[in-house]
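**Student:** Numbering (the working numbering), first residue to last: 38 to 492.
For every residue, glycine included, the Cβ atom is placed at its ideal position computed from N, Cα and C.
Remember, it's a predicted structure, so these values are computed and weren't measured experimentally.
Would you mind keeping the following structure in view while I ask a few things?
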Ligand SMILES: Cc1ncc(COP(=O)(O)O)c(C=O)c1O
């Protein structure tokens with residue numbers, strides 16, 4: 038019998054996170070305080086984050102210990118299996134070996150609890166009682182709701198309206214974990230009310246939802262804000278994915294030639310790839326691919342610039358690939374990939390040619406998701422289907438070139454609550470969409486006067 042799942046014993050779970058800032062060839066430029074144009078100080082961030090996470094955000098230590106209390110919760114679903122996609126390989130008639138790191142086995146169904154659990158813990162020890170956040174696809178909102186209930190914190194989630202309507206069961210999951218979930222733009226914040234006054238039918242965006250959650254944290258008692266992607270400490274917490282994967286490949290005596298993940302704000306990608314990029318920096322020949330939708334082509338077409346992380350311009354200015362903080366992506370089904378910016382760490386690694394960005398149209402990603410469902414059996418999140426599309430392309434390329442490559446991708450989440458997207462695809466209602474150049478340039482006008490980072 039072929040070994041299908043490579044398990045890592047619980048006692049082998051990584052005990053430290055990997056901080057790529059210690060190894061990057063080009064250091065990150067600092068986030069800027071928009072009021073002064075100067076680098077943000079830890080105090081600037083205190084209204085929305087606890088000091089222990091701010092320190093982690095700014096740390097350049099290579100290895101950071103995972104607290105015992107965090108490991109105790111992670112161990113309920115980690116280490117996650119590394120699986121071999123034999124049936125997909127046969128279907129594609131490829132000599133390539135295709136592996137996937139299955140993050141869909143977490144209680145929330147995606148990689149997001151890896152950082153939610155860590156963030157809830159650090160907030161709890163800092164004396165915080167309540168967390169506010171945004172969610173796109175609903176995966177992050179579920180993850181934070183789960184983490185808050187595990188650590189006895191209250192949680193309020195602002196869910197992008199288009200997803201709120203497409204995914205009623207995600208709302209119910211959050212409620213089952215004791216959180217409050219509202220549709221964003223909402224009437225609960227000044228910013229939400231302003232957006233609704235201008236456009237009562239606004240379908241929402243991650244940028245708007247972030248603005249609402251940040252306002253909530255800054256104006257409510259004992260409340261901090263929690264972000265599910267983009268920031269350095271989130272990428273750090275996710276590296277447990279790649280660190281486990283490395284140990285699992287050692288068990289089978291293999292090493293990937295190609296590492297693939299989808300990118301929304303960059304967290305599942307960073308999680309799987311950063312330990313491999315470390316190897317690449319030290320001379321290893323490994324190709325690293327980040328996949329996004331053509332409807333929201335942040336890293337394939339956007340400029341590297343200073344921009345706000347949210348639509349209300351409340352966050353510091355981050356040096357990143359961006360489509361402009363006012364950019365409203367079309368309501369495609371991969372809700373978690375509808376974000377105007379990209380993690381500064383991932384952005385820098387793209388600039389330094391350590392990561393290759395790539396974009397796919399919606400129909401191609403669903404086609405790939407269907408092939409995966411009908412070979413491997415798993416119905417994946419629409420975001421994950423972007424990574425699958427790239428893995429299939431790479432496996433087909435290996436077939437044409439006649440080389441037996443090893444490919445690994447991050448199966449960032451299951452799609453069992455994303456079936457509305459599959460329904461639209463199967464009934465022929467989904468269409469491809471590429472962002473028109475004029476629309477992108479118009480959105481970028483908003484940042485033309487901002488300070489420019491060094492490329
Ligand atoms: C299943 C899944 N994959 C990927 C993403 C993209 O986010 P990130 O780039 O932070 O991994 C999301 C975001 O919601 C998601 O739910």
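Where do the ends of the alpha helix (DSSP H) carrying residue 330 lie?
**Tutor:** As a first step, residue 330 must be located in the chain shown, where it is residue number 293. Careful: residue 330 lies outside any alpha helix (DSSP H), inside the beta strand (DSSP E) at 324–330.
**Student:** I need the straight-line Cα distance from residue 187 to residue 149, nearest angstrom please.
**Tutor:** Numbered from 1 along the chain shown, position 150 holds the residue referred to as residue 187. Numbered from 1 along the chain shown, position 112 holds the residue referred to as residue 149. Computed Cα separation, rounded: 15 Å.
**Student:** How about residue 422: is its Cβ closer than 7 Å to a heavy atom in ligand 1?
**Tutor:** Position 385 of the chain shown, counting from 1, holds the residue named residue 422. Flag unset: Cβ of residue 422 not near ligand 1.
**Student:** In angstroms with no decimal places, state the Cα-to-Cα distance between residue 404 and residue 423.
**Tutor:** Within the chain shown, residue 404 is the residue found at index 367, counting from 1. Within the chain shown, residue 423 is the residue found at index 386, counting from 1. Going from the Cα of residue 404 to the Cα of residue 423 covers about 10 Å.
**Student:** State the DSSP-derived secondary structure class of residue 459, mapped to helix, strand or coil.
**Tutor:** As a working note, residue 459 is residue 422 in the chain shown. Helix.
**Student:** Can residue 418 be considered in contact with ligand 1, in the sense that its beta carbon sits closer than 7 Å to one or more heavy atoms?
**Tutor:** The sequence position of residue 418 within the chain shown is 381, counting from 1. Yes; taking the cut-off as 7 Å, the Cβ of residue 418 has a heavy atom of ligand 1 nearer than that.
**Student:** For residue 78, verify whether its CB is less than 7 Å away from any heavy atom of ligand 1.
**Tutor:** Position 41 of the chain shown, counted from the first residue, corresponds to residue 78. No, the Cβ of residue 78 stays beyond 7 Å of every heavy atom of ligand 1.
**Student:** Does the contact criterion of 3 or more C-beta pairs under 8 Å hold for the region 360–373 versus the region 430–445?
**Tutor:** Counting Cβ pairs under 8 Å, fewer than three are found: no touch.
**Student:** How far does the alpha helix (DSSP H) with residue 277 in it extend, from its first residue to its last?
**Tutor:** Counted from its first residue, the chain shown places residue 277 at position 240. Note, residue 277: alpha helix (DSSP H), 277–289.
**Student:** Taking all protein chains shown into account, do 16 or more other C-beta atoms lie within 10 angstroms of the C-beta of residue 100, making it buried, or fewer, making it exposed?
**Tutor:** Residue mapping note: residue 100 aligns to position 63 of the chain shown, counting from 1. Burial call: exposed.
**Student:** With respect to 7 Å, is the separation between the Cβ of residue 323 and the closest non-hydrogen atom of ligand 1 below this value?
**Tutor:** For this step, residue 323 is matched to residue 286 along the chain shown. No; taking the cut-off as 7 Å, the Cβ of residue 323 has no heavy atom of ligand 1 nearer than that.
**Student:** Would residue 59 be called buried (16 or more neighbouring beta carbons within 10 Å of its own) or exposed?
**Tutor:** Taking the chain shown and counting its residues from 1, one reaches residue 59 at position 22. Exposed, since its Cβ has fewer than 16 Cβ neighbours within 10 Å.
**Student:** For residue 294, name the three-state secondary structure that DSSP assigns.
**Tutor:** As a working mapping, residue 294 is identified with position 257 in the chain shown. Here residue 294 sits in coil by DSSP.
**Student:** When the Cα of residue 421 is compared with those of 138, 94, 224, which residue comes out closest?
**Tutor:** By 1-based counting over the chain shown, the position of residue 421 is 384. For residue 421, the nearest C-alpha among the options comes from 138.
**Student:** Look at the Cβ atom of residue 57, then the Cβ atom of residue 428, and state whether they are nearer than 8 Å.
**Tutor:** The residue you call residue 57 lines up with position 20 of the chain shown. The residue you call residue 428 lines up with position 391 of the chain shown. No; because the gap between Cβ atoms is not below 8 Å, this pair is not in contact.
**Student:** Distance, Cα to Cα, residue 314 vs residue 277?
**Tutor:** Taking the chain shown and counting its residues from 1, one reaches residue 314 at position 277. Taking the chain shown and counting its residues from 1, one reaches residue 277 at position 240. Cα-Cα distance, rounded: 14 Å.
**Student:** Buried or exposed, going by whether 16 or more other CB atoms sit within 10 Å of the CB of residue 44?
**Tutor:** For this step, residue 44 is matched to residue 7 along the chain shown. So residue 44 counts as exposed.
**Student:** Using a threshold of 8 Å, state whether the C-beta atoms of residue 324 and residue 295 are closer than that.
**Tutor:** Numbered from its first residue, the chain shown carries residue 324 at position 287. Numbered from its first residue, the chain shown carries residue 295 at position 258. Cβ distance < 8 Å, so residue 324 and residue 295 count as in contact.
**Student:** Could you tell me whether any non-hydrogen atom of ligand 1 is closer than 7 Å to the CB of residue 143?
**Tutor:** The residue you call residue 143 lines up with position 106 of the chain shown. No - ligand 1 has no heavy atom lying nearer than 7 Å to the Cβ of residue 143.
**Student:** Given a threshold of 16 other Cβ atoms within 10 Å of its Cβ, counted over all protein chains shown, does residue 164 qualify as buried or as exposed?
**Tutor:** What you label residue 164 is simply residue 127 of the chain shown in a count that begins at 1. The residue is exposed, with fewer than 16 neighbouring Cβ atoms inside 10 Å.
**Student:** Given a threshold of 16 other Cβ atoms within 10 Å of its Cβ, counted over all protein chains shown, does residue 173 qualify as buried or as exposed?
**Tutor:** Residue numbering aside, residue 173 sits at position 136 when the chain shown is read from its first letter. It is buried - the Cβ of residue 173 has at least 16 other Cβ atoms within 10 Å.
**Student:** Flag this pair as yes or no: are the beta carbons of residue 69 and residue 343 separated by less than 8 Å?
**Tutor:** For the purposes of this step, residue 69 is taken as residue 32 along the chain shown, with counting starting at 1. For the purposes of this step, residue 343 is taken as residue 306 along the chain shown, with counting starting at 1. Yes; because the gap between Cβ atoms is below 8 Å, this pair is in contact.
**Student:** Assuming contact is defined by CB atoms lying nearer than 8 Å, are residue 387 and residue 394 in contact in what I supplied?
**Tutor:** Within the chain shown, numbered from 1, the residue matching residue 387 stands at position 350. Within the chain shown, numbered from 1, the residue matching residue 394 stands at position 357. Cβ atoms of residue 387 and residue 394: closer than 8 Å.
**Student:** Would residue 249 be called buried (16 or more neighbouring beta carbons within 10 Å of its own) or exposed?
**Tutor:** Numbered from 1 along the chain shown, position 212 holds the residue referred to as residue 249. Residue 249 should be labelled buried.
**Student:** Hey, residue 190 and residue 209 are a contact pair by Cβ (cut 8 Å); roughly how many whole angstroms apart?
**Tutor:** Position 153 of the chain shown, counting from 1, holds the residue named residue 190. Position 172 of the chain shown, counting from 1, holds the residue named residue 209. Actually they do not touch by this definition, with Cβ atoms about 20 Å apart.
**Student:** Which complete beta strand (DSSP E) runs does the region 125–152 hold, if anything under 3 residues is left out?
**Tutor:** List check, beta strand (DSSP E) in window: 134–139.
**Student:** So, helix, strand or coil for residue 66, using DSSP?
**Tutor:** For the purposes of this step, residue 66 is taken as the residue at position 29 of the chain shown. Here residue 66 sits in coil by DSSP.
**Student:** May I ask you to list the residues that DSSP assigns as paired with residue 450?
**Tutor:** In the chain shown, counting from the first residue as 1, residue 450 sits at position 413. Looking at the DSSP assignment, residue 450 forms a beta bridge with 147.
**Student:** Roughly how many angstroms lie between the CA atoms of residue 269 and residue 462, to the nearest whole one?
**Tutor:** As a working note, residue 269 is residue 232 in the chain shown. As a working note, residue 462 is residue 425 in the chain shown. Whole-angstrom Cα-Cα distance: 35 Å.
**Student:** In or out: residue 74 buried (at least 16 other Cβ within 10 Å) or exposed?
**Tutor:** Mapped onto the chain shown, residue 74 falls at position 37. By the neighbour-count rule (16 or more Cβ atoms within 10 Å), residue 74 is not buried but exposed.
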